[in-house]
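Below is one structure, written out as C-alpha cells, with a few remarks after it.
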Amino acid sequence: VQSSFYAEEQPSNLVKEGDFLNVHVTSAPAVVALGLMFLKSSDGEVARWLKPPDNFRSLKAVRPDILLLKTLAYNLVMWREILPRTSWVKGNVPDIVANAVTCFSKYDHLVDDDVDDELISQSYCYIVTGACFSLGFKFAAFKNVMFLHLHDDIFQFSFLKIFLPDARPAHLKPISIRQLVKKAGRYTIESCIGAILLAMGIVMAGTGNLDLLRIIRCCHGRLDFDDSNLCPFHMATHMALGLLFLGGGRFSLKGDNFSIAAMLAAFFPKFPIHLNDNRYHLQALRHLYVFASDFVALSTKDASTNCDVSTDVAVTFKVYTRV
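For what it's worth, my numbering labels the leading residue of the sequence shown as 1, then goes sequentially.
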C-alpha cells in the first residue's frame, strides 16, 4: 500500500526507503501500538487482525519473529482469556502450523514441498514464546509456585531441544525435538529461551526462587563469554536474574495498564546484537521497568502514632504440590 501519511520523504535510518512503506520497519511498532491501544478491551475485531495467520499463504507474508509480537498483542487485547495452562499456550498455535510440525515426528521434512520447513519451525517457536510472554504480563509478580512449574514445563519445551534432543517427555512425544531445532536455527531457539526466561522472571520478580535461579544459572553457564554474537542472550539471562532479586527481594512488579506498557518497553523481546546497538530497540528503554516496580516489604506500625515499631511476626507458608 502506497504511503500517504507524509508530504515529503522521511527515510528510515536503517534502510533506503522508496515511495512505499517498508513493512519490515513498521510492522513491529504497529502491532505493539494496536495491542496497547486496545489493552484488556476484548475487542474481537482488533484481535482478529492481530491473530497469527491460519493459512500458509498469509503465513509466508509475515516475518516469523513478528508472530511473537502478534501473539503477544492478541493476548493483550483478549486479556481475560489468558489462562495459566499448557493447553492454552498450545492453543495459540494455528492448526496448520501445529499439524505441520507434527510431521517432523515421522519425516525429516514436511509432506508439502511448497511449504518451507524453516518457516514452519520458526513460526511455531515464536508463537509459543509469545504466548508465554503473555502469561508473564498477566501474572506479573504472581509468586505462585504452581505457576512457575507450568512455566518451567513450557521453558523445557524449548530448553530440551538443544540439550536433550533424545528426551521425550510425555507432552512432547508427538513432536521431533531434534528436527524442530535443526530447522528453526540456533538464533531463533536462543531468542525464544531468552524471552521465556524473562517471562518467568516477571512472574517471580523479587522472590529469589531457587528453582528459577538454577535455570538461569544453567542458561548463563552455557554461554561463551568470548563470543560477541551471544550478547543478546547474555542480556536476557542477566535481566531475568535481576528481576528475580528485584530490590533485594523488597520490590515486585505491578499489573496495571501503565505498568504493562512500561514492562513491554523494558522487556521488549528484541535484544541488541552488540553492546552499542540501538537500531531496533533503544537500550535506554530497558530501564523503564522502574515505573512498574512496587515496594512490598512488611512494615509494622503503631495504630495510634503510625510510627514503626518492633514486634514479633508469625508467617505461615502455604504448601504447594505439583500435579
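Note that the Cβ used here is the ideal one computed from N, Cα and C, for glycine as well. Keep in mind the model is a prediction, meaning the values are calculated, not measured.
First and last residue of the uninterrupted alpha helix (DSSP H) at Leu233: Position 233 of the sequence shown, counted from the first residue, corresponds to residue 233. Leu is not the amino acid found at residue 233; the sequence shown has Phe there. Looking at the DSSP string, the run of the alpha helix (DSSP H) that includes Phe233 is 231-244.
So within the segment 63-128, which uninterrupted beta strand (DSSP E) runs reach at least 3 residues, ignoring any that extend past its ends? none
Spatial distance of Val315 from Val31 (CA atoms): To locate residue 315, count along the sequence shown from 1; it is residue 315. To locate residue 31, count along the sequence shown from 1; it is residue 31. Taking the straight line from one Cα to the other gives about 44 Å.
Tell me the rounded alpha-carbon separation between Val296 and Val23. To locate residue 296, count along the sequence shown from 1; it is residue 296. To locate residue 23, count along the sequence shown from 1; it is residue 23. Going by the C-alpha atoms only, they are around 43 Å apart.
Can you tell me where the beta strand (DSSP E) holding Ser41 begins and where it ends? Within the sequence shown, the letter at position 41 stands for residue 41. First-last for Ser41: undefined, no H or E at that position.
Taking just the CA atoms, how far does Arg63 sit from Val93? As a position in the sequence shown, residue 93 is number 93, starting the count at 1. As a position in the sequence shown, residue 63 is number 63, starting the count at 1. One C-alpha to the other measures close to 16 Å.
Whole-angstrom distance between Tyr124 and Trp49, CA atom to CA atom: If you number the sequence shown from 1, residue 49 lands on position 49. If you number the sequence shown from 1, residue 124 lands on position 124. Rounded to whole angstroms, Trp49 to Tyr124 spans 19 Å at the Cα level.
Quick one: Cα of His281 to Cα of Thr305, how far? Here residue 281 refers to the residue found at position 281 of the sequence shown. Here residue 305 refers to the residue found at position 305 of the sequence shown. Roughly 49 Å separates the two Cα atoms.
Contact between the segment 79-96 and the segment 131-139 is defined here as three or more beta-carbon pairs at a separation below 8 Å; is this criterion met? yes
Relative to the C-alpha of Ser293, which residue among Val203, Phe38, Ala195, Cys218 is closest? Sequence index remark: in the sequence shown, residue 293 carries index 293 (1-based). Among Val203, Phe38, Ala195, Cys218, the Cα nearest to that of Ser293 belongs to Val203.
Leu282, DSSP secondary structure in three states: Counted from its first residue, the sequence shown places residue 282 at position 282. In the three-state scheme derived from DSSP, where H, G and I count as helix and E and B as strand, Leu282 is classed as coil.
Val77 and Ser41 closer than 8 Å at C-beta: If you number the sequence shown from 1, residue 77 lands on position 77. If you number the sequence shown from 1, residue 41 lands on position 41. Yes, they are a contact pair.
Classify Phe271: buried if its beta carbon has 16 or more other beta carbons within 10 angstroms, exposed otherwise. The count along the sequence shown starts at 1 and reaches residue 271 at position 271. Buried, by the Cβ-count rule.
Could you tell me the distance, in whole angstroms, from the CA atom of Leu346 to the CA atom of Ile196? The requested residue 346 does not occur in the structure, where the chain is confined to residues 1 to 323.
Terminal residues of the beta strand (DSSP E) in which Phe251 lies: Taking the sequence shown and counting its residues from 1, one reaches residue 251 at position 251. For Phe251, the enclosing beta strand (DSSP E) covers residues 251-253.
Put Phe268 into one of helix, strand or coil per three-state DSSP. Counted from its first residue, the sequence shown places residue 268 at position 268. In this structure, Phe268 counts as coil in the three-state DSSP scheme.
Got a sec? Which residues, its chain only, sit under 6 Å from Leu285 by beta carbon, not counting five neighbours each side? For this step, residue 285 is matched to residue 285 along the sequence shown. So the qualifying residues of the chain are Ala265.
Within a Cβ cutoff of 8 Å, which residues of the same chain sit near Leu244, ignoring the five residues on either side of it in sequence? Numbered from its first residue, the sequence shown carries residue 244 at position 244. Excluding positions up to five away in sequence, the list reads Gly201, Met204, Ala205, Gly206, Thr207, Gly208, Asn209, Leu212, Leu213, Ile216.
Between the C-alpha atoms of Thr311 and Lys301, what's the straight-line distance to the nearest angstrom? Residue mapping note: residue 311 aligns to position 311 of the sequence shown, counting from 1. Residue mapping note: residue 301 aligns to position 301 of the sequence shown, counting from 1. Distance between the alpha carbons of Thr311 and Lys301 is about 9 Å.
From which residue to which residue does the beta strand (DSSP E) around Phe295 run? As a first step, residue 295 is located in the sequence shown; it is residue number 295 there, counting from the start. Element bounds for Phe295: 293-295.
Considering Cα atoms alone, identify which of Cys231, Ser121, Ala261 is closest to Leu275. For this step, residue 275 is matched to residue 275 along the sequence shown. Of the listed residues, the one whose Cα sits closest to Leu275 is Cys231.
Between the C-alpha atoms of Met263 and Leu246, what's the straight-line distance to the nearest angstrom? Start at 1 with the first residue of the sequence shown, and residue 263 comes out as number 263. Start at 1 with the first residue of the sequence shown, and residue 246 comes out as number 246. Approximately 14 Å between the Cα atoms of the pair.
Considering Cα atoms alone, identify which of Ser252, Cys192, Tyr126 is closest to Phe291. Locating residue 291 in the sequence shown gives position 291, counting from the first residue. Ranking Ser252, Cys192, Tyr126 by Cα distance to Phe291 puts Ser252 first.
From the DSSP output, which residues share a beta bridge with Asp308? Stepping through the sequence shown from its first residue, residue 308 is reached at position 308. Under DSSP, the beta-bridge partners assigned to Asp308 are Lys301.
Look at the alpha carbon of Pro174 and the alpha carbon of Ser259, and state the distance between them as a whole number of angstroms. The residue labelled residue 174 in the question sits at position 174 within the sequence shown. The residue labelled residue 259 in the question sits at position 259 within the sequence shown. Because the pLDDT at Pro174 is just 46, under 50, the model does not fix this residue reliably, and the value given afterwards should be weighed accordingly. Cα to Cα, the separation comes out at about 38 Å.
If we count the other Cβ atoms within 10 Å of its Cβ and call it buried at 16 or more, is Cys192 buried or exposed? Your numbering for residue 192 matches position 192 in the sequence shown. It is buried - the Cβ of Cys192 has at least 16 other Cβ atoms within 10 Å.
Bounding residues of the alpha helix (DSSP H) (the contiguous stretch that carries Phe139): Translated into positions along the sequence shown, residue 139 becomes position 139. No alpha helix (DSSP H) holds Phe139; DSSP gives it neither H nor E.
What separation, rounded to the nearest whole angstrom, lies between the Cα atoms of Cys307 and Leu298? The sequence position of residue 307 within the sequence shown is 307, counting from 1. The sequence position of residue 298 within the sequence shown is 298, counting from 1. Rounded to whole angstroms, Cys307 to Leu298 spans 14 Å at the Cα level.
Residues of its chain near Leu241, where Cβ-Cβ distance is below 7 Å and the 5 sequence neighbours each way are ignored: Counting from 1 along the sequence shown, the entry for residue 241 is found at position 241. Excluding residues within five positions, the ones whose Cβ falls inside 7 Å are Ile216.
Assuming Gly130 contacts Leu39 (C-beta within less than 8 Å), just tell me the rounded distance between them. By one-based count along the sequence shown, residue 130 stands at place 130. By one-based count along the sequence shown, residue 39 stands at place 39. That pair is no contact at about 16 Å.
Quick one, which of Phe268, Thr237, Gln283, Leu288 has its alpha-carbon nearest Lys254's? Counted from its first residue, the sequence shown places residue 254 at position 254. Closest by alpha carbon: Leu288.
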